[in-house]
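Only one structure is covered here, and it is reproduced in the block below.
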Amino acid sequence: MSAADSSHDHDVVIVGGGPAGSTCARFAVRQGLDVAVIERTGQRPPKHTSAGIFDHTWSALDLSPGDYPYAMRTPHLFDFITLKDRETLPDLLPKVAPKLERRAYFPNRDEFDVWLLGLAQKAGAQVLQDSIVRPGDIDHANGRYRIRVGGETHTARVLVGAAGTRCPVYRRYFEKASGWPGKTMLLTEVEAPESEYHGPAYASYFGFADPNVFAWTYVVGDGKVHIGTAAISTDKSTKKDMRFDEFVEYLKDEDYVDTDFEPKDHHTSGGSIRMFAGAPMTTADGTCHVIGDAAGLLQRDAYNGITNAIMSGRFCAEAIAKGGAKPNLRKKLNPFLFQDVLRDMLSKPLPFLRRFK
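By my numbering, the letter at position 173 of the sequence shown is numbered 162, and the numbering carries on one by one without gaps.
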């Protein structure tokens, strides 16, 4: 360290101030811990999308929709629809229906992330904005982690990586040890004008021949609708086996979109995404954790989503406060998720979950 450098000591340093990191910081501060969050706000592109926030997401945050200071789209019930006969899952599976949480709120994702980080700062966490950390900026000696940020060094007994799929903490301490976890999400989504869509405002669709394939339509505000499909696969090389074209044809058959609807005319995202936001993962001594999407890189069976990221941040903070090396990895992070519920209750796909052969 040069003479010009300054050093700051903390109990916990969190690299990444997204939903997982900010939630972890706020709950760790509640436990009386000195917390610093290193966030690259301004160094990452805006998301320009919305987040689906469910009632149990608010509960995990110890907040309510009324606490949110910005506009949100009015909460709606999610429809769970099979692609055959348009039957809803609550009608077909009465035992499952109570476990499917259907009401969702849709705040702007950029505003929501900034708000969560502001709550952590208001609670007492130190937030270092516009700061980039690389794996080589992190080391560990004498029971303390050292993270170099510009001309400063921040040290802590506990280090948390919450910086997404390129998290420097994951890359520094977990990547070589983990190897490929075996599954990836294959995603295609278009953002089209709401005026071109005439179907349910918020719906998840099932009934593909492969039960690991699902689809969705939801109105995100600002006059836009998202239409997408995803699949969970063990083949990293597969890029487009997501039945997206078939799903668009289904929407046309149902008159949800016009027959001349062309996805290529609209903004498209997708590809092969090797991340699922998961429960916190930790080193054997419990001093280094990864949460959110970074934790998903280490797990074979987890699902992505902002709710999972938030809950993994809270679980991690609780584990740190208790001094435990192993956060509870068996807690259900997304109890409303269709696949989770079915896999708990059923040993094989149901016959009605078949549409495309």
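Every residue gets a Cβ at the ideal spot worked out from N, C-alpha and C, and that includes glycine.
(1) Quick check on this structure: which residue in Leu52, Gly217 and Cys277 has the alpha carbon closest to the alpha carbon of Leu176?
(2) How many angstroms separate the CA atom of Gly10 from the CA atom of Val4?
(3) Between Arg19 and Ala112, what straight-line distance do the alpha-carbon atoms span, to the nearest angstrom?
(4) Along the chain, which unbroken stretches of the alpha helix (DSSP H) at least 4 residues long are found entirely within the region 121 to 191?
(5) Classify Gly7 as buried or exposed, calling it buried when 16 or more other Cβ atoms lie within 10 Å of its own Cβ.
(6) For His255, tell me which candidate among Val24, Lys213, Ala152 and Ala306 has the shortest Cα-Cα distance.
(7) Distance check for Tyr94 and His278, CA to CA, integer angstroms please.
(8) In whole angstroms, what is the alpha-carbon distance linking Gly275 and Gly312?
(9) Buried or exposed for Thr144, going by 16 or more other Cβ atoms inside 10 Å?
(10) Taking the alpha helix (DSSP H) that Leu105 falls in, what are its first and last residues?
(11) Give the DSSP-derived three-state secondary structure of His255 in the structure shown.
(12) Who are Thr272's beta bridge partners in DSSP?
(13) Quick one: give me the first and last residue of the alpha helix (DSSP H) that Ser301 is part of.
(14) Check whether the Cβ atoms of Tyr162 and Thr248 sit closer than 8 Å, and answer yes or no.
(15) Can you tell me which of the three DSSP states Lys84 falls into?
(16) For Asp290, name the three-state secondary structure that DSSP assigns.
(17) Starting from the Cα of Pro99, find the closest Cα among Gly41, Arg92, Val138 and Ile70 and give me that residue.
(18) If contacts are defined as beta-carbon pairs under 8 Å, then Gly302 and Thr12 qualify, I think. What distance do you get, rounded to the angstrom?
(19) Excluding five sequence neighbours on each side, which residues of the same chain lie with their C-beta closer than 6 Å to the C-beta of Ser(-4)?
(20) Could you name the residues that DSSP lists as bridge partners for Phe197?
(21) How is the beta strand (DSSP E) around Val2 delimited, first residue to last?
(22) Rounded to the nearest angstrom, what separates Phe203 and Pro189 at their Cα positions?
(23) Give me, in chain order, the residues of the same chain whose beta-carbon lies closer than 6 Å to that of Val24; leave out the 5 immediate sequence neighbours on both sides.
(24) Where Ala152 and Ala283 are concerned, what is the direct C-alpha to C-alpha distance, given to the nearest angstrom?
Walking through what the data contain:
(1) Gly217
(2) 7 Å
(3) 7 Å
(4) 157 to 162 and 164 to 167
(5) buried
(6) Lys213
(7) 30 Å
(8) 8 Å
(9) buried
(10) Arg98 to Ala112
(11) coil
(12) Paired residues: none, contrary to the question.
(13) Ile295 to Lys311
(14) no
(15) For Lys84, the predicted model reports a pLDDT of 45, less than 50, meaning its position is unreliable; a value from the coordinates is still stated below. If DSSP states are grouped into helix, strand and coil, Lys84 belongs with coil.
(16) The pLDDT assigned to Asp290 is 44, lower than 50, so where the model puts this residue is not dependable, and the model offers no usable value.
(17) The sequence shown places Asp at residue 99, not Pro. Checked all of Gly41, Arg92, Val138 and Ile70; the closest Cα to Asp99 is Gly41.
(18) 3 Å
(19) Thr142
(20) DSSP output for Phe197 lists no bridge partner at all.
(21) Ser(-5) to Val4
(22) 16 Å
(23) Val1, Ala14, Ala17, Val18 and Ala114
(24) 7 Å
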